[in-house]
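Working notes for the structure below.
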Amino acid sequence: MFREVKTYQTSRTRLKIFFIMLLVVISMAGATALLPDEKNTEPDHGEAPVIAELLGSEAASQMATLPGYDLEIFDLSLPEEHQVGELVESQIPVNEEMLPPGIPIQECLAATIYDENDKAWKPIPFLVDAESKNVTFFIDRSARLAITYFPGERSAIKDRLPEFDGLGGTFFNEEKEIQWTNGWDILNLHYGLAEASVGILSGIPDKEAVARVELLLSEVDAVLADAVSVKDSPEMELRFAAAEKLDAAVLALKQELNKEYVITVELDFYDKVNDLALTKASLRNRQGEITQSMSFDANGQAIFALTLFEFLKTGGPTEVAVLVPAHPGYKEFKATLSYRLTSPQISLRARYLTPSQKR
32 MFREVKTYQT SRTRLKIFFI MLLVVISMAG ATALLPDEKN TEPDHGEAPV
82 IAELLGSEAA SQMATLPGYD LEIFDLSLPE EHQVGELVES QIPVNEEMLP
132 PGIPIQECLA ATIYDENDKA WKPIPFLVDA ESKNVTFFID RSARLAITYF
182 PGERSAIKDR LPEFDGLGGT FFNEEKEIQW TNGWDILNLH YGLAEASVGI
232 LSGIPDKEAV ARVELLLSEV DAVLADAVSV KDSPEMELRF AAAEKLDAAV
282 LALKQELNKE YVITVELDFY DKVNDLALTK ASLRNRQGEI TQSMSFDANG
332 QAIFALTLFE FLKTGGPTEV AVLVPAHPGY KEFKATLSYR LTSPQISLRA
382 RYLTPSQKR
């Protein structure tokens with residue numbers, strides 16, 4: 032696959048990039064994010080461009096897959112005359128074959144950079160031009176970059192927040208002046224947590240988990256206030272320091288929401304059941320909706336794993352409905368077990384084969 036990568040750097044663009052970088056990070060935490068008019072985001076061709084060279088032959092890209100995401104990877108090398116710390120604006124055309132139909136382009140992708148130290152993909156500021164179908168991003172060094180394609184809208188993500196996912200600048204513009212009150216609201220909208228209000232969060236019995244999330248939300252708010260206070264400062268170091276602190280606060284919030292809880296349900300006397308494949312254990316939320324369901328395994332266990340994010344998104348399931356169908360010598364068995372998110376490992380027992388189940 033051959034792709035054309037355009038990279039520019041001008042004095043006007045450099046100032047604009049600093050502004051965009053701060054706004055993109057602020058948008059992740061929940062500020063009013065107003066980007067410059069998209070008509071002014073084109074590079075200034077009045078000055079000689081600085082061109083980033085693709086490593087390897089031609090403009091070849093590589094495809095890779097993370098759980099639930101596809102990456103188109105490019106290795107870019109900045110020229111020798113590039114000064115350390117200078118930002119360079121680059122454009123990569125979108126691979127339209129990777130776009131799901133009927134979904135706005137900015138909802139389907141993100142720009143990422145590979146961190147050699149952490150061996151992980153991390154978000155970088157980017158813009159999406161829906162008309163030209165280009166992704167514009169910003170780098171200050173030779174690096175391995177990728178456009179990350181989501182299989183659908185981010186709001187369809189069910190169980191885990193992608194830590195590498197930043198918010199594209201064009202998601203926020205002057206036509207969509209949305210007021211964010213805190214980091215919670217931005218996650219609600221961007222990742223489809225419409226039902227996961229702070230009310231649900233406050234209803235989680237694990238008070239330590241609630242306290243951690245509330246503390247992280249407060250940290251996002253505090254760092255956001257600092258970032259907003261210096262966003263117009265001529266001291267670029269102050270703006271970058273504020274952006275980095277804000278990015279770290281939002282990442283910590285995501286990591287907390289990605290913490291996993293494992294719920295193990297054991298069925299007493301499971302060896303007396305003729306066909307365990309016909310049994311069922313189901314997580315049920317407070318509205319009575321089934322959010323996960325499975326049969327008991329050969330060891331008489333049903334093991335559910337869900338993140339705090341998934342718990343919130345599915346309406347706070349705190350019950351397990353157990354069903355063992357009637358079979359020769361035994362009546363149908365039903366039970367409802369309740370649990371609380373009090374620890375990462377939760378054990379429940381369904382007391383099957385009491386005298387009332389025997390025919």
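Using the numbering used here, the first residue of the sequence shown is number 32, and each one after it goes up by one. In this text, a Cβ means the ideal position worked out from N, Cα and C, and glycines have one as well.
*asked:* What does the Cβ neighbour count give for residue 121, buried or exposed, with the cut at 16 atoms within 10 Å?
replied: buried
*Determine the burial state of residue 371: buried for a count of at least 16 other Cβ atoms within 10 Å of its Cβ, exposed for fewer.*
exposed
*So, helix, strand or coil for residue 185, using DSSP?*
helix
*Does the beta-carbon distance from residue 309 to residue 383 come in below 9 Å?*
no
*residue 125 by DSSP, collapsed to three states: which one?*
Of the three classes helix, strand and coil, the one that applies to residue 125 here is coil, per DSSP.
*So does the stretch 312–325 actually touch the stretch 345–354, counting three or more Cβ pairs closer than 8 Å?*
Of all C-beta pairs linking the stretch 312–325 to the stretch 345–354, three or more are shorter than 8 Å, placing the two stretches in contact.
*Segments of 3+ residues assigned as beta strand (DSSP E) that fall wholly inside the stretch 298–384*: 311–315, 321–325, 332–338, 350–355, 364–369 and 376–381
*Helix, strand or coil for residue 273, going by three-state DSSP, please let me know.*
helix
*Please work out which residues of its chain come closer than 7 Å, Cβ to Cβ, to residue 192, disregarding the five sequence neighbours upstream and downstream, and give them in chain order.*
222, 285, 288, 289 and 340
*By DSSP, does residue 285 sit in helix, in strand, or in coil?*
helix
*Would you give the residue range spanned by the beta strand (DSSP E) that residue 153 belongs to?*
151–154
*Can you give the Cα-Cα distance for residue 376 and residue 307, rounded to whole angstroms?*
24 Å
*Report the residue from 162, 292 and 381 whose alpha carbon sits nearest the alpha carbon of residue 337.*
292
_Bridge partners - residue 178, DSSP secondary structure assignment_ = 103 and 142
*asked:* Let's see if you can read the secondary structure: which residues bound the beta strand (DSSP E) around residue 114?
replied: Neither: residue 114 is in no beta strand (DSSP E) and is coded neither H nor E.
*Roughly how many whole angstroms lie between the Cα atoms of residue 350 and residue 368?*
6 Å
*asked:* Report the CB separation of residue 175 from residue 109 in whole angstroms; it is logged as a contact under 8 Å.
replied: The Cβ separation is near 13 Å, so there is no contact.
*Since residue 177 and residue 102 are thought to touch, with beta carbons under 8 Å apart, how far apart are those beta carbons, to the nearest angstrom?*
Right, the Cβ-Cβ distance comes to about 4 Å (below 8 Å), so this counts as a contact.
*Would you list the residues sitting across from residue 160 in a DSSP beta bridge?*
Looking at the DSSP output, residue 160 sits in a beta bridge with 165.
*What distance in whole Å lies between the Cβ atoms of residue 381 and residue 304, which are believed to be in contact at a cut-off of 8 Å?*
Here residue 304 is actually not in contact with residue 381; their C-beta atoms are around 11 Å apart, not less than 8 Å.
*Taking the C-alpha atoms as reference points, what is the distance between residue 154 and residue 357?*
Whole-angstrom Cα-Cα distance: 53 Å.
*residue 136 (DSSP reduced to helix, strand or coil)*: In this structure, residue 136 counts as helix in the three-state DSSP scheme.
*What is the DSSP secondary structure of residue 120, counted as helix, strand or coil?*
strand
*Rank 254, 352 and 170 by C-alpha distance to the C-alpha of residue 123 and give the top, closest one.*
170
_Residues bridged to residue 291 [DSSP beta-bridge criterion]_ = 338
*With DSSP run on the structure shown, which of helix, strand or coil describes residue 246?*
helix
*Opposite residue 261 in the DSSP bridges: which residues?*
Partner(s): none; residue 261 has no beta bridge.
*Opposing strand residues paired with residue 97 [DSSP bridges]*: As a beta-bridge residue in DSSP terms, residue 97 pairs with 100.
_Cα-Cα separation, residue 203 to residue 133_ = Note that residue 203 has pLDDT 39, beneath the 50 cutoff, so the model's placement of it is unreliable and the number below is only indicative. Between residue 203 and residue 133, the C-alpha separation is close to 20 Å.
_Does the CB of residue 296 have a neighbour CB from chain D at under 9 Å?_
Protein chains in the displayed structure number just one, and chain D is not present.
*Verify whether the separation of the beta carbon atoms of residue 179 and residue 196 is less than 9 Å.*
Against a cut-off of 9 Å, the Cβ pair of residue 196 and residue 179 comes out as a contact.
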